[in-house]
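Below is one structure, written out as structure tokens; the observations come after it.
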Amino acid sequence: MARAMIVSLEGDILNDNHHYTFADVCRACKLSGDQVLELIDYGIIEPRGTTMRQWRFTGVSLQKMQRAYRLKRDLGLNTAGVALALDLLDEVHTLQQRLNRYEQSD
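All the letters of the sequence shown, read from the start, carry residue numbers 11 to 116 under this note's numbering.
Here is the structure:
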């Protein structure tokens, strides 16, 4: 007899047209305020707004925060190492896109 397996997935849909508050990103990423501030200090994410009360974050910022803390957790990188790794990953992505456009133009 075959067994049926039910898988439950949970997640949030991130929308780049919607902006998230500081409290929203802490809650969505399950990070403390200090952890989010550290990512801002290292330039990993950049809030929009001049004061902490006015700060707003995009869905891309939330994704970047989640990637940053996966790198810290899984690879044991410090925050400076995470910032460098994310910059290099972004550069690789940009170069891959350029290469794909070049190959399609032939």
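Beta carbons are placed, not taken as given, at the ideal position from N, Cα and C, and that holds for glycine.
Counted within 10 angstroms of its Cβ, other Cβ atoms place residue i as buried (16 or more) or exposed
i	result
Thr60	exposed
Ala78	buried
Thr68	buried
Lys74	buried
Leu85	exposed
Val102	exposed
Leu94	exposed
Residue from the options whose Cα sits closest to the Cα of residue i
i	options	result
Gly53	Arg83, Lys82, Leu85 and Ala90	Ala90
Asp51	His29, Leu105, Arg63 and Val92	Val92
Glu56	Ser71, Gln45, Val35 and Ser42	Ser71
Span separating the alpha-carbon of residue i from that of residue j
i	j	result
Ser115	Leu109	10 Å
Thr31	Glu48	16 Å
Arg83	Gln76	11 Å
Arg111	Thr104	11 Å
* What are the uninterrupted segments assigned as alpha helix (DSSP H) that are 4 or more residues long and contained completely in the segment 66-114, given in chain order? -> If we require 4 residues or more, the alpha helix (DSSP H) runs fully inside the segment 66-114 come out as 69-85.
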